[in-house]
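A.B. asks: Heads up: the sequence lines are chains A and B, in that order.
The first sequence begins at 384 in this note's numbering and counts up by one.
The second sequence begins at 4 in this note's numbering and counts up by one.
Ideal Cβ placement from N, Cα and C applies to all residues, glycine included.
Only a predicted model underlies this, so the values are computations on that prediction, with no experimental measurement involved.
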Amino acid sequence: MSASSNLIQELQQKAALLRARVIETSHRAGLPHLGSCLSCMDLLTALYFYQLNIDPKNPADPTRDRFILSKGHGVPALFQVLAMRGYFPVSDLDHYGEDGGVFGEHPPTPSHLAGIEAATGSLGHGMPMGLGMALAARVKAQPYSVYAILGDGECNEGSIWESAMLAGAQMVSNFCVLIDFNKWQATDRSEQVMALNPLADKWRAFGWDTLEIDGNNTQAILEALECFPSKTGKPLAIIAHTIKGKGVSFMEDDNNWHYRIPTAEEVALSKKELGIAS
Amino acid sequence: MRNAFADEVTQLAKTDSRVMLLSGDIGNKLFDNFKKVDAQRFLNCGIAEANMMGVAAGLALNGLRPVVYTITPFTTTRCFEQIRVDVCYHEAPVIIVGTGSGLSYAELGPTHHSLEDLAILRTLPGMQIIAPCDTTEMRLALRSAIKSNLPTYIRIGKKGEPNIHKLDVEFEIGRAITVREGEDVLFIVTGTLMPNVLEAADLLAAQKISAQVASFHTIKPLDEAYLKNIALTYKTIVTVEEHGRLGGLGGAVAEFLSQLSNHPPHLRLGTQDEFMHEMGSQEYARQRYGLDSNGIAQQVINHLAR
């Protein structure tokens, strides 16, 4: 893989700006799940600004790649990404959290916002829907792929493993799952709540090809995405080891930021650390 | 009814390349002809109904028309949240078919009974609910459901149900069909208890009680116009369903009648608010809950004599 250093730098800068916007919006609109948004931001940036075959001007193109944020509570990050990618004006997010709008704590349905493929939020739903979308491509002989970001906490849900087994049996090679393995769920360490480890072995055992990467390292993410679709014909699971709250020192790996809303001072401090001017 | 379902879905798949069939690992050999039409459009999703329903929604949102098929409790109560979120919230045109509904599998015990499905699915916005009384209604319901592009639940029996309608019967989702005309009692019936109700109407006729029988194959949307036009004509209205008395057809009709300033008394026939702990055949179970023809006729007579 030879992603140019320019590309990597560009994606990192975008991710930093997006992180700052998410933190600002969290403060203004009182949005929780900041830690979960920050951990998957590098994955989202690599997907939307490098990997996905999408055209924001033609969001219903039948041949577009589909992306599903199966961990729907990370949608404050996705909304910022979609806006920056051109699905709607960034200024629309100035109204985030206002009564009567579409920007809430989970994605609306696809018919209510261009760029959204599934109204996730109840964990364990996005991946099966994504599998259906990937199978539809096969039946209709269309060339698109389906990507889904799952949380490690979300891997508690039985429906994830039902879906993994079916995708494995059916060799759904146009389906790529990225697990935002930030080691926390709402109230505890994910590895302690459920016997999650060894996570990559689990996916392999369910019939998937797997890669383990540093999910906050842009170059590593791009290299992993280069391996998709897998030559073996199996679906691909990328276990992305991430840090919850990544990018802001006082939020990193502190699970209080699953629910905490930053103060104005904390927003300023975060932006300074991210290198984003006020 | 299930063989007719397999045949009908196969015929539909021949003419509509969007039609897919998803099975929860049941129907051994039942769908061989479907697979011959297009093996790729048949998907055995295994014994994993939550995922199956999500997969169906994903297929439906991408131009296909999946028909999801398994035993009723497993395609309804087990994966209710997937039906609610993935199918109904997304307005995904998924057809959910529950087979062996009501007490069809009485001998398999309450794990395989479905006496709550109509009640819970009726609460979901945008969901159409149909319980055909015979194979003709079932075939027409399936065709209409696919045409409608709306989430639809079709609750079918098992096998050997007698035909009620002629093949050219006029069928429309949400529009009741008068099966027998009468003057004293109005039977509103859904599903495969129809033959029992028609026999009960004969028994009542012998007692000089004239009964009209209507097939309310669609529980949602309810044919309110039918009820509004003729409700006051009858001494009593009797709803009959192979389902609990709470929240199903009887519940839907009661909700509508309660809005009218004046309406006749309403007798709701169905199973009791309990699990059936003893084993037995469907006939035994129906009799136990007064849903055989004698039981239905007797309950009506008792009601009129109050």
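Count the other CB atoms, across all protein chains shown, that sit within 10 Å of the CB of V473 of chain A; report buried if there are 16 or more and exposed otherwise.
C.D. replies: Its Cβ having fewer than 16 others within 10 Å, V473 of chain A is exposed.
A.B. asks: Measuring only between beta-carbons, confirm whether K523 of chain A sits less than 8 Å from chain B.
C.D. replies: K523 of chain A counts as touching chain B.
A.B. asks: Beta carbon of T408 of chain A, beta carbon of L400 of chain A: below 8 Å?
C.D. replies: No. Outside cutoff.
A.B. asks: Bridge partners for G105 of chain B per DSSP, in chain order?
C.D. replies: According to DSSP, G105 of chain B bridges with B:S117.
A.B. asks: What first and last residue would you give for the alpha helix (DSSP H) that runs through Q575 of chain A?
C.D. replies: Here the alpha helix (DSSP H) through Q575 of chain A covers 573 to 576.
A.B. asks: Can you tell me which of B:I99, B:Q301, B:K32 puts its alpha carbon nearest to the alpha carbon of R158 of chain B?
C.D. replies: Nearest of B:I99, B:Q301, B:K32 to R158 of chain B, Cα basis: B:I99.
A.B. asks: Quick check: the Cα distance between P459 of chain A and T593 of chain A, rounded to an integer number of angstroms?
C.D. replies: Approximately 28 Å between the Cα atoms of the pair.
A.B. asks: Using a Cβ-Cβ cutoff of 8 Å, what residues of the segment 86 to 107 of chain B are near chain A? List them in chain order.
C.D. replies: Here the close residues are V88, D89, Y92, H93, E94.
A.B. asks: Just to confirm before moving on: does the CB-CB distance between L421 of chain A and G590 of chain A stay below 8 Å?
C.D. replies: No. Outside cutoff.
A.B. asks: Classify Y156 of chain B: buried if its beta carbon has 16 or more other beta carbons within 10 angstroms, exposed otherwise.
C.D. replies: By the neighbour-count rule (16 or more Cβ atoms within 10 Å), Y156 of chain B is buried.
A.B. asks: In angstroms, rounded to a whole number, what distance separates the CA positions of A660 of chain A and A647 of chain A?
C.D. replies: About 14 Å.
A.B. asks: Just to confirm my understanding: we take T2 of chain B, look at its own chain, exclude 5 residues before and 5 after, and list those with CB closer than 7 Å. What are they?
C.D. replies: Residue 2 of chain B is absent from the model: chain B starts at 4 and stops at 309.
A.B. asks: Let me know the alpha helix (DSSP H) ranges lying completely inside the segment 574 to 623 of chain A, each 4 residues or longer, listed in chain order.
C.D. replies: Counting whole runs of 4 or more residues, the segment 574 to 623 of chain A contains the alpha helix (DSSP H) stretches 582 to 588, 601 to 609.
A.B. asks: Quick one: what does DSSP say T193 of chain B is sitting in, helix, strand or coil?
C.D. replies: Note: T193 of chain B maps to coil in three-state DSSP.
A.B. asks: If you draw a straight line from the alpha carbon of M384 of chain A to that of C610 of chain A, how long is it in whole angstroms?
C.D. replies: Caution is warranted here: a pLDDT of 47 is assigned to M384 of chain A, below 50, making its placement in the model unreliable, and the coordinate value is therefore given only provisionally. Their backbone Cα atoms lie some 9 Å apart in a straight line.
A.B. asks: Counting only beta-carbon atoms, is M130 of chain B nearer than 8 Å to chain A?
C.D. replies: Closer than 8 Å: no.
A.B. asks: Taking Cβ positions only, does V58 of chain B come closer than 8 Å to chain A?
C.D. replies: Closer than 8 Å: yes.
A.B. asks: Who are the neighbours of L64 of chain B on chain A, taking C-beta pairs under 9 Å?
C.D. replies: Within chain A, the residues near L64 of chain B are P493, E500, A501, M512, G515, M516, A519.
A.B. asks: Please give me, in chain order, every unbroken run of the alpha helix (DSSP H) with length at least 4 that falls completely inside the segment 32 to 116 of chain B.
C.D. replies: List check, alpha helix (DSSP H) in window: 35 to 40, 52 to 63, 75 to 78.
A.B. asks: Less than 8 Å between the C-beta atoms of V22 of chain B and L15 of chain B, yes or no?
C.D. replies: Result yes, Cβ atoms of V22 of chain B and L15 of chain B sit closer than 8 Å.
A.B. asks: Consider the Cβ of L67 of chain B: report whether some Cβ of chain A lies at a distance smaller than 8 Å.
C.D. replies: Yes, contact with chain A.
A.B. asks: Taking the alpha-carbon positions, what's the M512 of chain A to A524 of chain A distance?
C.D. replies: Approximately 18 Å between the Cα atoms of the pair.
A.B. asks: When Cβ atoms are compared, which residues of the segment 535 to 548 of chain A fall closer than 8 Å to chain B?
C.D. replies: Per Cβ criterion, the list reads G541, S542, E545, S546, M548.
A.B. asks: What is the DSSP secondary structure of M23 of chain B, counted as helix, strand or coil?
C.D. replies: Three-state DSSP puts M23 of chain B in a strand.
A.B. asks: Under the three-state reduction of DSSP, which class applies to L689 of chain A: helix, strand or coil?
C.D. replies: With chain A represented from 384 up to 661, any question about residue 689 of chain A goes unanswered, as that position is not in the structure.
A.B. asks: Tell me the rounded alpha-carbon separation between L570 of chain A and N638 of chain A.
C.D. replies: Before going on, a small fix: residue 570 of chain A reads as Thr here, not Leu. Answer to the nearest angstrom: the Cα atoms are 8 Å apart.
A.B. asks: Let me make sure I understand the geometry here. Which of A:N436, A:F558, A:E540, A:M548 has the alpha-carbon closest to that of S573 of chain A?
C.D. replies: Considering only alpha carbons, the answer is A:E540.
A.B. asks: Would you verify that the beta carbon of R44 of chain B is, or is not, closer than 8 Å to some beta carbon of chain A?
C.D. replies: Closer than 8 Å to some Cβ of chain A, the Cβ of R44 of chain B qualifies, so yes.
A.B. asks: Can you look up D295 of chain B in the DSSP assignment and give me helix, strand or coil?
C.D. replies: Coil.
A.B. asks: Output needed for A122 of chain B: all residues of its chain with C-beta closer than 8 Å, excluding positions within five of it in sequence on either side, in chain order.
C.D. replies: H246, G247, L249, G250, G251, G254, listed in sequence order.
A.B. asks: Quick check: is the beta carbon of S505 of chain A nearer than 8 Å to any beta carbon in chain B?
C.D. replies: At least one chain B Cβ lies under 8 Å of S505 of chain A.
A.B. asks: Starting from the N-terminal side, write out each stretch of the alpha helix (DSSP H) that is 4 residues or longer and does not extend beyond the segment 444 to 531 of chain A.
C.D. replies: The segment 444 to 531 of chain A contains these whole alpha helix (DSSP H) runs: 458 to 468, 509 to 522.
A.B. asks: Output the boundary residues of the beta strand (DSSP E) element that contains R158 of chain B.
C.D. replies: Its beta strand (DSSP E) spans residues 155 to 158.
A.B. asks: Can you list, in chain order, the stretches of the beta strand (DSSP E) that have 3 or more residues and sit fully within the segment 175 to 263 of chain B?
C.D. replies: Fully enclosed beta strand (DSSP E) runs of 3 or longer: 180 to 183, 188 to 192, 214 to 218, 221 to 223, 239 to 247.
A.B. asks: Can you tell me the Cβ-Cβ gap for N297 of chain B and L206 of chain B, rounded? I've got them flagged as a contact below 8 Å.
C.D. replies: Yes, they are in contact, since the Cβ atoms of N297 of chain B and L206 of chain B sit about 7 Å apart, within 8 Å.
A.B. asks: List the residues of chain A that C48 of chain B touches, going by C-beta distances under 8 Å, in chain order.
C.D. replies: Within chain A, the residues near C48 of chain B are L549.
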